[in-house]
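Protein chains in written order, with our numbering: chain A, 1 to 375; chain B, 1 to 375.
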């Protein structure tokens with residue numbers, strides 16, 4: 001774990017006021033639409049962050065991407081957890097262990113084979129493991145398409161052992177929607193598809209208690225969530241350059257940045273070298289196909305102000321090359337060796353995962369909020 | 001740390017026999033050329049791996065990319081360490097602490113400002129910190145060009161306080177050299193440049209004890225290392241798809257792979273879904289600009305045999321989409337939910353860094369070799 005007494009760069013800075021504003025903004029929108037959030041903690045992976053999502057009681061319904069997250073949050077008192085990655089039989093003993101510890105962990109699946117495996121395991125192990133059926137609304141990832149007869153077939157297999165909990169979908173396609181109307185349409189398509197599937201299930205006599213949708217863009221741009229029982233989103237807590245490029249947030253809303261130190265210059269090339277390479281920034285280049293390619297990140301002064309047109313253009317493991325964006329008419333700032341800068345990340349989930357925790361200003365000192373990485 | 005009793009995918013498998021062969025192959029080549037290796041431990045970051053680089057005594061001269069690696073290997077008895085990333089003044093207290101603990105940690109720099117800062121700190125702190133001057137031989141990263149008058153100027157500043165240790169360069173350009181003659185030429189260019197710089201320093205009356213070169217491609221393809229005192233290389237210990245694409249190794253030499261489980265299918269799209277997304281594989285797409293783009297990795301059976309034309313074509317955080325390479329005439333293998341596969345990585349340094357250690361077959365059991373990530 002990071003030794004704050006000997007803090008050296010690169011490290012991951014978290015600004016709690018920006019995070020608070022991001023959390024409050026989406027919560028207010030959900031309150032208006034009357035649907036509860038089930039935050040996806042795969043972005044933050046930190047109890048200190050996730051406690052702040054549930055101001056009243058400190059715990060609440062969450063979504064996880066790994067069983068390690070589930071174990072960690074269960075240890076911190078969370079009892080209502082959805083594991084939103086398709087379940088495989090080898091993971092069921094870990095799932096059962098959580099159930100026996102008092103955690104209601106919902107699993108996700110999209111095939112008859114998985115449903116049969118989960119039911120057989122639950123019967124043999126005398127444990128109830130509720131399962132959600134994954135629905136695909138935009139061809140981006142896993143899930144069954146609306147209208148597929150397998151949805152009802154799988155629900156029946158689960159329901160025979162009282163393990164059918166509902167449906168879940170993720171509008172990953174919304175990440176390709178820079179304009180407002182397209183994001184609103186993606187949100188409505190996600191909602192409408194979920195409602196159609198849930199109605200078909202109910203028509204078939206199958207209870208569909210949970211109708212779960214979500215992605216950070218659709219959560220922010222949904223105008224109506226009638227028929228939806230919960231919304232999942234993760235990256236909104238921190239925001240990032242991809243979300244800014246999608247106009248889900250402003251650059252100034254981004255709550256995490258990598259603090260780096262200038263370690264050299266190549267005046268012949270117009271380069272400033274820093275000690276934040278891909279190991280710190282991650283290899284994520286999520287803005288590469290957006291209108292504005294932000295390289296490996298936007299370079300800011302330590303007060304958070306971006307230097308005009310200054311980005312990390314390339315990286316090696318522990319080196320970052322900082323230069324002006326191609327075609328820029330700005331002047332390269334004079335940043336002497338030893339100068340500290342802050343780099344806004346393309347993708348908060350990816351960059352945060354390169355660190356074992358967050359350095360957080362708290363009144364007049366820095367504190368450390370650890371993360372749970374791995375599986 | 002990984003719980004082997006409850007081992008679930010994704011995890012990082014290390015095959016010790018393949019690693020042994022990779023280590024022996026480069027060591028034999030270096031023995032023939034009569035130059036010692038200073039292995040770069042940034043790839044493995046594991047005492048269990050690095051001990052196997054020095055069969056006689058268990059420790060030896062190493063290169064590190066972070067001060068955390070330096071601290072970790074110092075705790076394990078290593079006393080001759082080169083920190084091969086340009087030094088910034090804020091890191092000098094950590095460097096000095098290592099020196100006071102009996103470790104000779106060489107730092108790297110390429111500017112007068114850094115040299116003055118290192119000398120001033122050493123004088124004030126009553127500690128000797130030897131420094132190497134970084135030389136750039138191919139315009140890829142940091143360093144001064146051969147012939148730059150600053151090289152002698154910096155060496156003099158260091159030598160006044162007996163801190164000048166020599167020069168260091170890294171032929172990063174060799175990563176763009178698929179054909180043998182180009183790699184041999186890159187190796188000879190790296191050698192010749194280093195020798196010229198060291199001779200110019202000696203002509204100026206400055207001792208140049210260390211003449212350090214290295215990159216995995218040039219280390220393997222060097223035919224002569226006259227005038228060189230040490231070679232650095234890191235990725236050779238594991239090898240990876242980038243190195244295979246550069247014909248530095250064969251696919252079968254790659255010693256690490258990510259073990260993943262099939263979690264679903266999209267027959268409409270020709271996709272097999274696994275639980276190894278970019279969080280496990282890393283976002284590194286090092287083969288994207290090579291002759292054969294291997295996507296996010298080559299998919300193999302658990303015995304290590306690659307499935308014909310089967311690659312990870314896209315990823316999200318915890319999902320990997322496996323499909324046939326575009327234009328393939330092979331048939332998608334039937335891999336049921338729960339089937340385990342192994343995925344060869346683009347870049348061993350990047351993929352290994354996503355894990356907290358290696359799962360290693362050792363006689364009839366699995367053991368865990370931890371890694372030291374972070375800074």
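Using N, Cα and C, we set each Cβ at its ideal position, and we do this for glycine too.
If you compare the alpha carbons of 220/B, 180/B and 135/B with that of residue 193/B, the shortest gap goes to 135/B. Chain B has no Cβ within less than 8 Å of the Cβ of residue 351/A. Put simply, the segment 46–59 of chain B does not touch the segment 274–289 of chain B. Fewer than three CB pairs are less than 8 Å apart. Listed along chain B are 67, 90, 91, 94 and 375, each with a C-beta nearer than 7 Å to that of residue 8/A.
Using a CB distance cut-off of 8 Å, residue 369/B does not count as an interface residue toward chain A. The segment 44–132 of chain B is shown to contain whole beta strand (DSSP E) runs of 3 or more residues at 62–64, 80–86 and 104–109, in chain order. Bounds of the beta strand (DSSP E) holding residue 342/B are 340–344.
Non-local beta-carbon contacts of residue 370/A in its own chain, meaning distances under 7 Å to residues more than five positions away in sequence, involve 1, 46, 356 and 357 in chain order. In terms of Cβ geometry, residue 291/A and residue 245/A form a close pair [threshold 8 Å]. For residue 150/A, not one C-beta of chain B is nearer than 8 Å to its own C-beta.
Distance from the Cα of residue 239/A is smallest, within the candidate group 109/A, 131/A, 127/A and 286/A, for 286/A.
DSSP, reduced to helix, strand and coil, places residue 144/B within a strand of the structure shown. Taking C-beta atoms as the reference points, residue 161/B and residue 122/B count as a pair closer than 8 Å. Here the segment 342–353 of chain A lies against the segment 244–261 of chain A, with 3 or more beta-carbon pairs under 8 Å apart.
Contact check between the segment 23–38 of chain B and the segment 215–231 of chain B: three or more CB pairs, one atom from each, fall below 8 Å, which counts as touching. Residues are counted here when their Cβ sits less than 8 Å from a Cβ of chain B; for the segment 49–65 of chain A these are 65, given in chain order. Contact of residue 282/B with chain A by beta-carbon distance below 7 Å involves 283. Contact annotation, residue 83/A with residue 64/A: C-beta distance approximately 6 Å; criterion of less than 8 Å satisfied. Membership of residue 23/B in the alpha helix (DSSP H) is indicated by the continuous run 16–33. Burial is judged here by how many other beta carbons sit within 10 angstroms of a residue's own beta carbon; residue 155/B has at least 16 and is buried.
For residue 317/B, the chain A residues whose Cβ falls inside 7 Å of its Cβ are 42, 65 and 349, in order along the chain. Apart from sequence neighbours up to five positions away, the residues of its chain that approach residue 323/B with a beta-carbon distance below 6 Å are 270, 271 and 313, ordered along the chain.
The secondary-structure analysis by DSSP pairs residue 261/B across a beta bridge with 340/B. By a beta-carbon distance limit of 8 Å, residue 171/A contacts residue 138/A. Their separation comes to about 6 Å. Below the 8 Å Cβ cutoff, chain B contributes 375 as neighbours of residue 11/A, in chain order. Residue 230/B and residue 39/B do not touch by the CB rule: their CB atoms are close to 10 Å apart, not below 8 Å. In terms of CA proximity to residue 152/A, 167/A leads the group 140/A, 142/A, 49/A and 167/A. Counting only Cβ-Cβ distances below 7 Å, residue 257/B has no contacts in chain A at all, with the closest Cβ about 15 Å away. Taking all protein chains in view, the Cβ of residue 76/A is surrounded by fewer than 16 other Cβ atoms within 10 Å, so the residue is classified as exposed. Taking all protein chains shown into account, residue 131/B has 16 or more neighbouring C-beta atoms within 10 Å of its C-beta and is therefore buried.
Counted as a single uninterrupted DSSP element, the alpha helix (DSSP H) harbouring residue 278/A occupies residues 278–281.
In the structure shown, residue 243/A falls within a helical segment according to DSSP collapsed to helix, strand and coil. By the Cβ-count criterion, residue 100/A is exposed, with fewer than 16 other Cβ atoms from all chains shown falling within 10 Å of its own Cβ.
Within the same chain, Cβ atoms closer than 7 Å to the Cβ of residue 214/A are found at 170, 231, 232 and 233, the five residues on either side in sequence being excluded.
A Cβ-Cβ separation of about 20 Å leaves residue 317/B out of contact with residue 177/A under the 8 Å criterion.
Within the same chain, Cβ atoms closer than 6 Å to the Cβ of residue 300/A are found at 306 and 342, the five residues on either side in sequence being excluded.
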